[in-house]
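**Q**
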Amino acid sequence: MRFSQVLLAGTLLAFATGAAAQSRGPKSYLERQGTIYPSLESYVGFSDRTLEREAASLANKNALISYDYRNALRFASCVDHFDRAAADRLLAVSIGSTEDQRVLSRLAERNGPCVAKVQRMHSLLIRAALAEVKLRASGQTATARLAGVGVPASVNGYPLKAITQCQAVTRPDMVNSLLASEPGSVAEREAVARIFAQSPQCGPITMGRVTPTVARLALVDAAYQQRSAR
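Counting with mature numbering (1 follows the signal peptide of the UniProt record, and there is no 0), you get residues -21 to -1, 1 to 209 for the letters of the sequence shown.
Right, here's the structure in full:
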């Protein structure tokens, strides 16, 4: 069954495993709502059998993650309206940690009107969306030390984190232009392509390893941390 077929409006997804959830004792708010925990690989992984199949799979993955990320941005915009410090609280803790689960659960409980705007998804998307909304609003972030969004250092063997950290420093205006685009749009794809094409000093330009929206998440992570360090 496709992941998109089991999405359930009105819930958030914290990044955890069933075993870890059981070991914590009483179920959290999110767990009581019947959430599940899909793997990030459902977004960033794709088959390497043939070029055609790889391209088709990559397109499907980007459509899926872009749809979810658009919903995450709607949720984040709503939360930011009521609670400007929400992003800082969540991004101060590591993704997948018990504290990550607790903060996400409290966000859902405290921002009831916003929950209907988001569907069940990976914690990474919620964290990235909150960071992006903060970046769009002012270009500035908290000065406290942050764990960040939580994008993996390597995706499909591609050193995405190191490359995007370099790009956030050398191409900040292009990153801002990317954030003005709609996830999954032609504008997003073109903005990501421009950033990678014009920053060869940052690393190998092999965008076939990640989707445009996954690259966007990594750039949001890098930009948020870089601007917080100012």
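We put the beta carbon where it would ideally sit given N, CA and C, even for glycine.
Just to confirm my understanding: we take R106, look at its own chain, exclude 5 residues before and 5 after, and list those with CB closer than 7 Å. What are they?
**A** In the sequence shown, counting from the first residue as 1, residue 106 sits at position 127. Excluding sequence neighbours, R106 sits near L69, L70, I74, V128, G129.
**Q** In whole angstroms, give me the CA-to-CA distance for L158 and R115.
**A** As a position in the sequence shown, residue 158 is number 179, starting the count at 1. As a position in the sequence shown, residue 115 is number 136, starting the count at 1. Cα-Cα distance, rounded: 7 Å.
**Q** Would you mind sorting F61 into buried or exposed? The rule is 16 or more other CB atoms within 10 Å of its CB.
**A** Within the sequence shown, residue 61 is the residue found at index 82, counting from 1. Exposed: under 16 other Cβ atoms inside 10 Å.
**Q** Starting from residue 217, trace the alpha helix (DSSP H) in both directions and tell me its first and last residue.
**A** This structure does not reach residue 217, given that the chain is present from -21 up to 209, and the question cannot be answered.
**Q** When the distance is taken between beta carbons, is I142 closer than 7 Å to G91?
**A** To locate residue 91, count along the sequence shown from 1; it is residue 112. To locate residue 142, count along the sequence shown from 1; it is residue 163. No; because the gap between Cβ atoms is not below 7 Å, this pair is not in contact.
**Q** Using a Cβ-Cβ cutoff of less than 8 Å, which residues in the same chain neighbour Q177 once the five nearest sequence positions on both sides are dropped?
**A** The count along the sequence shown starts at 1 and reaches residue 177 at position 198. Cβ within range, chain order: R150, M153.
**Q** Would you list the one or two residues that DSSP bridges to V134?
**A** On the sequence shown, residue 134 is found 155 positions in, with the first residue counted as 1. According to DSSP, which records beta bridges pairwise, V134 is partnered with Y137.
**Q** With D67 as the anchor, note down where its alpha helix (DSSP H) starts and where it stops.
**A** As a first step, residue 67 is located in the sequence shown; it is residue number 88 there, counting from the start. Segment 65 to 70, the alpha helix (DSSP H) holding D67.
**Q** Suppose you measure from the CA of R85 to the CA of H101; what does that come to, to the nearest Å?
**A** As a first step, residue 85 is located in the sequence shown; it is residue number 106 there, counting from the start. As a first step, residue 101 is located in the sequence shown; it is residue number 122 there, counting from the start. For R85 and H101, the distance between alpha carbons rounds to 16 Å.
**Q** Go ahead and label E20 buried or exposed: buried means 16 or more other beta carbons lie within 10 angstroms of its beta carbon, across all protein chains shown.
**A** Position 41 of the sequence shown, counted from the first residue, corresponds to residue 20. At E20 the pLDDT is 49, less than 50, meaning the model places this residue with poor confidence; the figure from the coordinates comes in the next sentence. So E20 counts as exposed.
**Q** To the nearest angstrom, report how far apart K113 and N135 are at their CA atoms.
**A** Indexing the sequence shown from 1 puts residue 113 at position 134. Indexing the sequence shown from 1 puts residue 135 at position 156. Each residue's Cα considered, the two are about 29 Å apart.
**Q** Using a Cβ-Cβ cut-off of 8 Å (strictly less than) and excluding sequence neighbours within five positions of K140, which residues of its own chain qualify?
**A** Locating residue 140 in the sequence shown gives position 161, counting from the first residue. V130, P131, A132, S133, A197, D200, A201.
**Q** Give the straight-line distance between the Cα atoms of G163 and E111, rounded to the nearest whole angstrom.
**A** Locating residue 163 in the sequence shown gives position 184, counting from the first residue. Locating residue 111 in the sequence shown gives position 132, counting from the first residue. Distance between the alpha carbons of G163 and E111 is about 15 Å.
**Q** Roughly how many whole angstroms lie between the Cα atoms of R89 and V189?
**A** Locating residue 89 in the sequence shown gives position 110, where the first residue counts as 1. Locating residue 189 in the sequence shown gives position 210, where the first residue counts as 1. Looking at the two C-alpha atoms, the distance is approximately 35 Å.
**Q** For A159, does the three-state DSSP call read helix, strand or coil?
**A** On the sequence shown, residue 159 is found 180 positions in, with the first residue counted as 1. A159 falls in the coil class under three-state DSSP.
**Q** Does the beta-carbon of P179 have 16 or more other beta-carbons within 10 angstroms, so that it is buried, or is it exposed?
**A** The count along the sequence shown starts at 1 and reaches residue 179 at position 200. So P179 counts as exposed.
**Q** Helix, strand or coil: how does DSSP classify G127 here?
**A** As a position in the sequence shown, residue 127 is number 148, starting the count at 1. It is coil, neither helix nor strand.
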